[in-house]
Each structure stands twice: as structure tokens, then as C-alpha cells.
Amino acid sequence: MEKFNKLSGHAIPLRITNVDTDMIIPKQFLKTIKRTGLGEFLFYELRYDQDGNKISSFALNQEQYKDASILIAGKNFGCGSSREHAPWSIADYGIKCIIAPSYADIFYNNCFKNGILPIILDEATVSRLQDTSDSILNFNIDLEKQNITFLENNEKKEISFEIDPAKKKCLLEGLDDIGLTLNKVASIGHFEEDQENEIPWLYGNKLK
Amino acid sequence: MSTPKTIYDKIWESHIVDTNDDGTTILYIDRHLVHEVTSPQAFEGLRLSGRKVRRPEFTLATADHNVPTADRDKGIADPDSKLQVETLEMNAKENNITYLPMTDKRQGIVHIVGPEQGFTQPGMTIVCGDSHTSTHGAFGALAWGIGTSEVEHTLATQTLVQTKAKNMCIKITGKVIEGVTAKDIVLAIIRKIGTAGGTGYVIEYTGEAIRNLSMEGRMTVCNMSIEAGARAGLISPDEKTCEYLRGRPLAPKGEVFEDAVNYWKSLATDEGAHYDSVVEVKADEIIPQITWGTSPEDVVSIDGFVPDPEIEKNADKKKSIERALDYMGLEPNMPVNEIKIDKVFIGSCTNGRIEDLRAVSQIAKGRKVEKGVHAMIVPGSGLVKEQAEKEGLDKIFIEAGFDWRDPGCSMCLAMNADKLQPQERCASTSNRNFEGRQGRGGRTHLMSPQMAAAAAIRGKLTDFRDL
Ligand code: SF4
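Pasting the structure below:
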């Protein structure tokens, strides 16, 4: 899995609450059988009109956010479907960190599988960061130290964030989850033996 | 005596395989449903790492999102959809997983197929790369949606690495008034707690009104747990649960069935068990509900009005109401029963079961779909379709001017050819009214099958009890 340690970059403000996964990546792009190449379709229906022209008022289309690698979003970000195409398209576009007051569970979880750091901050701080994102060229994000630093009016600012230690480790080390679980394959085997003794009808039944 | 436990606590504890150093739990997964959209990259991952499917017999695959709901014999016209479905078929074959193809009458929406086949049983852990996996919670199973990385993890290890959620109890006290359905109950719940209300929780639905629901109705309620922010929602099993399962192809048989019943009933939440949060809703205060906006929490009663952003004090909320009204093409303060519609969609894993179709037929019988309205009925599975036709419901539908289709997800997410045109307005029995969900620019109002049928007849949103 992809690692995340430090990141330094520009941030795009997205001032919409309850951004759902249909908005992040509309269904017509879910027909792929690959993980890559979805970045160009990120926020497709907000980015392009019905004739495929860019909608200039949308932040992703604005020159100053061209190389942004951070997204500052509204609360309950990523609600809706479980599609991992959502974090795939975000990562493929080049965004490696999201800052929002809250996330939907499945999306939050999916981020960690794809090297994206979803930071949670209170609403007031998120909205302040959205307002300053135009003038601040560089947000420095340090996962190890759990902080965001930036220069504002020549003054160094620091905001720290909380994160679950297990999730932090997973991002810092870019661990292969499946490999780790397979190290415990003996426990899985024992579990199955015990379960088959106790609930035998779960075993050996298959649709014809 | 040991501490009283919730059904969630019991299922969780009985599936712990191991605990990792970081405090996460390796949880055993009893059953895995697979569909074409969220699985190809998982199978590819296995191939690249040279890993095998650990328990193919615990896995069931079918195609539902991309399949056409008319002219099946012609196959799938869209080349990308076709490739995705063929990829699933090939992956299933290669890994010895049972696959129900489009030509099999048991094919349908995964969340309808699982219960029908008895694949879903109380006490199981069930996952699927699909957020509405919560549907299976109606049986007292712990069932939740996962991403593709976790689909791969499940295929390879038959486990998932998890952290335990908190327990929430939503109690629907008393009896509902006549004509109020499971869909109205769940919309009323989401209206009350919001789309993030259940985040971090597993919801258990309790109370007289829930007990009184059929298994179909319970599935409708658990289905929309995800719209309430919870990954899973469940209902303790009872007599109805066991009776539904008796005789299903994958249910235990003979004496073993009785052993299973004893085990299933032992899973019900113990008296005095602790919940981290309790929400109560009075059943008799619910009347038919509809959504007016672009979030499933934008719910109002059918005798209500479109909200006015001017009276909203919270700036964020005000903005999101304005955005929703603009997208939906609605004026503040208009009565919702004056909203005219162009299309009707009856189906989906929320309301595509036989009971739903029977309810629709009651409304459709002897009436006609309003001129200019296109109303489609898409059964949730081939077996639902067969049963409906056995009962002659298809004739009632066709006679009334409804379009009777083949099973699949269809216009619930509009990934196949069934979709809304920009600005078209739809009365839908599905579960999501997000912008563009049923087609770019399309406007969705969520409601019960009875209400959607009534909208088809009147050409506008209507309290079906007034027909
Ligand atoms: S019917 Fe709709 S919600 Fe249900 S699985 Fe299909 S697309 Fe998802």
C-alpha cells in the first residue's frame, strides 16, 4: 500500500457539505476494471457542463488551484456508496490529504487503503482554513508529528490533529494488510475448526 | 450472571479470530456477496500477488448494477458494462465461486438474492462491496458494505481487520397508522437523526412497530441504515425470521434447522443490555414521507411544504437548502403534494421485493398511469418477477400502463440504460436522491411503493390514501 509521511502543497476549498460519492465520481466512470486513470473524472459533473466544457466557477478548474494536493471540504464528506473509485479518483488526481470536520465511515476507511490522509478538524478551523487557502501557498502536513503548519502574514501557524494510532501506522509504513493477516493464517484455521463444531450448518452448503 | 449483551456485541465476540498489536480485531467473515462493479480490481489484486480465494463456497456472485432490464436476449449493448459483467463471470469461474448469470432466474440485486436463497442467516457476518449490505441486518446478521481493498482482503483471508463500533438503539414505539410503511418509518428516522446521525454506530431497530413489520419491511428499514450514517443496522431474530428462512435453498434442513432456530433466537439482545445511544420515535406520529431535496435527510411529510431557506439560521444549512432547491427546481413554501413528476421508478434493493409489488398492484388495479408519465417497475430478482407473474400482478401493471421490466438495479443508480434526462423529475422507491444519482440533472423524490404508484396515477406527489 501507498505510504504517507509528509506533504507540502496548495489546498483547494470545497464549500459543500454532505459531498457524496456520486458527486466525487459519477457512476458512468465505475465501469472500469482498473484502479488507475480516474483522476480526470473527479467531481466530473461539478467540473464540466453537459457539453463537456469546464465550469469556471468550480475550484478545481481555477488556475490558482492547479497543482493542489490538499482538499478542504465540508462535513460528512464521502457519504453514499462504498465505491473505492472515490478515493482512487482523488489520489489519481493528485490529492493526498483531505481536511474536513467529519467523514462517512466507509469512505474514511477507504482513504487509508489508498495512501490518502483524511484529517478531522473542528468546523470553525476548517472554515478558517478554507478562507485562507487562497492566500497560503504552502500547507505543510506532517503525519508523524500530527500537525499542519503554514505561514500566515509572515507568522508561523501550527494546527495539530488527532488520528487513530493504528491508522497512522498503516499510512506511515504503507503496510500490506492482507500479508499481515495471512501471517495469522493458523488462527484463521483454528477459528474455522471451532466454528464448524459449534455451527456445523454454516459449512458444506453450496448453491447448485 | 454475565453482563447483558446486545446482538451486535454477541455477533462481534463470536467472530473474533485474533487481536492485532495495535488493538484492531481480525474478524471472521461468514459470507461474502460479490457484484461486478466493486470486484474486478480485487480479483486483479489477488492475481498480481499470487493469492487464492480462501473460501469460495462462502462467496456468491451475481451481476446487477450494469444489466439491462429489457431485451435481455440481446445481451448487454454498452461495451464497458459488458466487459465488467464478463470479467465477473470469468473471475468467478477461475476461483470456483458460484455465479448467477443474467440468464438464471435467481439472478437479481445481490441484497435481494442473498435472503431469497437463504444465503443470509441470523448471527452471520456478511460483507459485500456495496453500502446497502446493511439490508441483511433484517435477519439479525451483522452485515456491512466495504471498499474494493476489503473485498480483496475478504477473498484472500475470509476475515477483515476491524474496530468495534458503538451500539445505538432506535426504538419505534407503538403501532403505525394504516398505510404507513417500512419506508416511511426509515425516512422518518433519517429525518430525525440526519445522514450522519449513525456515524460510528451499529444501529439496532427495536420496538413494537419493528416487530410488526414483515421480513420484507425489515429489510427496507435496515437497507437505509447507511443513509442514516451507520455502516450496519440490524434487528434481533424472532419467529418471523426463522419462518422466512425455513425451506430456503441454503437454509439448514430437518433437525439441524431446529438447532439453528435455537441458536438464532439466543442471539437476540439481552434484557438490560447497554446502548451508547438511544433514539425513540413514536410510530403513530409518522404519516407517508417523501424527500424534497438532494440528501436523504431532506424529508417531509406528504402534507408538508418545501422548506424556506430564509428562516434557516445556520448559514451552512441555509446554503445547502438553497443549493438543493435550485437543483430540484422547487420554490420555497410550496405544498409538496403539488409537485408534478415525469417518471416513476419502482424497484431497487430498498423496495423491489414481492410485498412491494403487491402493494403497488393494489393501487394500480383499475386505474391508469397519468398521460405523459413514464412509470417503470423493476423487480429485484428473477424470482420476484416469477412470483409476481404467478400472481398475475404483471397483468395489472401492464393494464394500468406501467412498464414491467427485467430484474436489476436499473434507475436506482442509472448505470445501465435506464436513466433520467436533465431536469426530469422522478418519484422513486430507491434510497438515494443525490444530485445526478438517477441521471445527470435528474431530480429524485424518495418514497414508499404505494406513494410512487399514486404519483404515477396522479402525475404528481399525492397521499395515496386520498386516491
Ligand atoms: S439497487 Fe441501488 S442501492 Fe441497491 S445495490 Fe443496486 S444500485 Fe445499490
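Which chain is which? The protein sequence lines are A and B, in order.
Quick note on numbering: the numbering used here labels position 144 of the first sequence as 144, and the sequence is numbered without any gaps.
Quick note on numbering: the numbering used here labels position 102 of the second sequence as 102, and the sequence is numbered without any gaps.
Here a beta-carbon is modelled for each residue, glycine too, at the ideal position from N, C-alpha and C.
Taking all protein chains shown into account, decide if residue i is buried (16 or more other Cβ within 10 angstroms of its Cβ) or exposed.
i, result
"Arg425/B", "buried"
"Tyr203/A", "exposed"
"Leu155/A", "The question names Leu, but residue 155/A is Glu in the sequence shown. Per the 10 Å Cβ criterion, exposed."
"Asn20/B", "exposed"
"Ile311/B", "exposed"
"His190/A", "exposed"
"Ser133/A", "buried"
"Ile302/B", "buried"
"Ile185/B", "buried"
"Arg432/B", "buried"
"Arg31/B", "buried"
"Lys27/A", "buried"
"Met334/B", "exposed"
"Gly114/B", "buried"
Tell me which residue opens and which closes the beta strand (DSSP E) that residue i is part of.
i, result
"His111/B", "No beta strand (DSSP E) contains His111/B, which is instead part of the alpha helix (DSSP H) from 110-117."
"Asp394/B", "Taken as a continuous stretch (DSSP letters only), Asp394/B belongs to no beta strand (DSSP E), being part of the alpha helix (DSSP H) at 393-400."
"Arg231/B", "First-last for Arg231/B: undefined, no H or E at that position."
"Lys282/B", "277-282"
"Pro13/A", "11-14"
"Phe150/A", "147-152"
"Trp144/B", "142-145"
"Leu446/B", "443-446"
Helix, strand or coil for residue i, going by three-state DSSP, please let me know.
i, result
"Cys79/A", "strand"
"Ala156/B", "helix"
"Thr38/B", "coil"
"Tyr103/A", "strand"
"Met168/B", "strand"
"Glu386/B", "helix"
"Gln289/B", "strand"
"Thr32/A", "coil"
"Asp403/B", "strand"
"Pro332/B", "coil"
"Pro118/A", "strand"
"Asn337/B", "helix"
"Lys6/A", "strand"
"Glu271/B", "coil"
"Ala73/A", "strand"
"Ile178/A", "helix"
"Phe43/B", "helix"
"Val161/B", "strand"
Strictly by DSSP, which residues pair up with residue i?
i, result
"Lys343/B", "His374/B, Cys426/B"
"Thr19/B", "Thr25/B"
"His32/B", "Thr59/B, Val127/B"
"Val221/B", "For Val221/B, which the question treats as bridged, DSSP gives no partner whatsoever."
"Tyr201/B", "Lys166/B"
"Glu297/B", "Beta-bridge pairing links Glu297/B to no other residue."
"Lys156/A", "Leu151/A"
"Thr98/B", "Leu60/B"
"Asp308/B", "Paired residues: none, contrary to the question."
"Asn233/A", "Absent from the model: residue 233/A. The displayed extent of chain A is 1 to 208, so no value can be given."
Counting along the chain, where does the alpha helix (DSSP H) carrying residue i start and finish?
i, result
"Asn114/A", "Unbroken run through Asn114/A: none, as it is neither H nor E."
"Tyr28/B", "Not the alpha helix (DSSP H): Tyr28/B falls in the beta strand (DSSP E), residues 25-28."
"Ile193/B", "182-193"
"Glu196/A", "185-198"
"Leu172/A", "165-173"
"His85/A", "85-93"
"Asp22/A", "21-24"
"Ile302/B", "Ile302/B -> no alpha helix (DSSP H), and no H or E assigned at all."
"Ser320/B", "315-328"
"Leu88/B", "79-94"
"Asn212/B", "Taken as a continuous stretch (DSSP letters only), Asn212/B belongs to no alpha helix (DSSP H), as it is neither H nor E."
Under 7 Å Cβ-Cβ, which residues of chain C neighbour residue i?
i, result
"Ala166/A", "Judged by its chain identifiers, the structure shown contains no chain C, and its protein chains are A and B."
Below 8 Å between beta carbons is the criterion; list the residues of the region 416-443 of chain B that meet it against any residue of chain A, in chain order. Pro422, Arg432, Phe434, Glu435, Gly436, Arg437, Arg440, Gly441
Closer than 9 Å, Cβ to any Cβ of chain A: which residues of the region 215-233 of chain B, in chain order? Ile226, Glu227, Gly229, Ala230, Arg231
Of the residues that make up the region 6-35 of chain B, which ones have a beta carbon closer than 7 Å to any beta carbon in chain A? Val17, Asp18, Asp22, Gly23, Thr24, Ile26, Tyr28, Asp30
Along the region 137-157 of chain B, what residues have a CB closer than 7 Å to any CB found in chain A? Gly145, Ile146, Gly147, Thr148, Ser149, Glu152, His153, Ala156, Thr157
Contact set between the region 18-52 of chain A and chain B, restricted to residues whose Cβ is under 8 Å from the partner: Asn18, Asp20, Asp22, Met23, Pro26, Lys27, Gln28, Leu30, Lys31, Thr32, Ile33, Lys34, Arg35, Glu45, Gln50
When Cβ atoms are compared, which residues of the region 87-106 of chain A fall closer than 9 Å to chain B? Pro87, Trp88, Ser102, Tyr103, Ala104, Asp105, Ile106
Contact set between the region 253-269 of chain B and chain A, restricted to residues whose Cβ is under 9 Å from the partner: Lys253, Val256, Phe257, Asp259, Ala260, Tyr263
Interface residues of the region 51-77 of chain A facing chain B [CB-CB below 8 Å]: Gly74, Lys75, Asn76
Closer than 7 Å, Cβ to Cβ, to anything on chain A: give me those residues from the region 93-120 of chain B, in chain order. Thr98, Gln117
Against chain B: residues of the region 197-208 of chain A by CB proximity under 9 Å: Glu198, Ile199, Pro200, Trp201, Leu202, Tyr203, Gly204, Asn205, Lys206, Leu207, Lys208
Residues in the region 117-135 of chain A with C-beta within 9 Å of chain B's C-beta atoms, listed in sequence order? Glu123, Ser127
If you measure beta-carbon to beta-carbon, which residues of the region 35-48 of chain B are closer than 7 Å to chain A? Val37, Thr38, Pro40, Gln41
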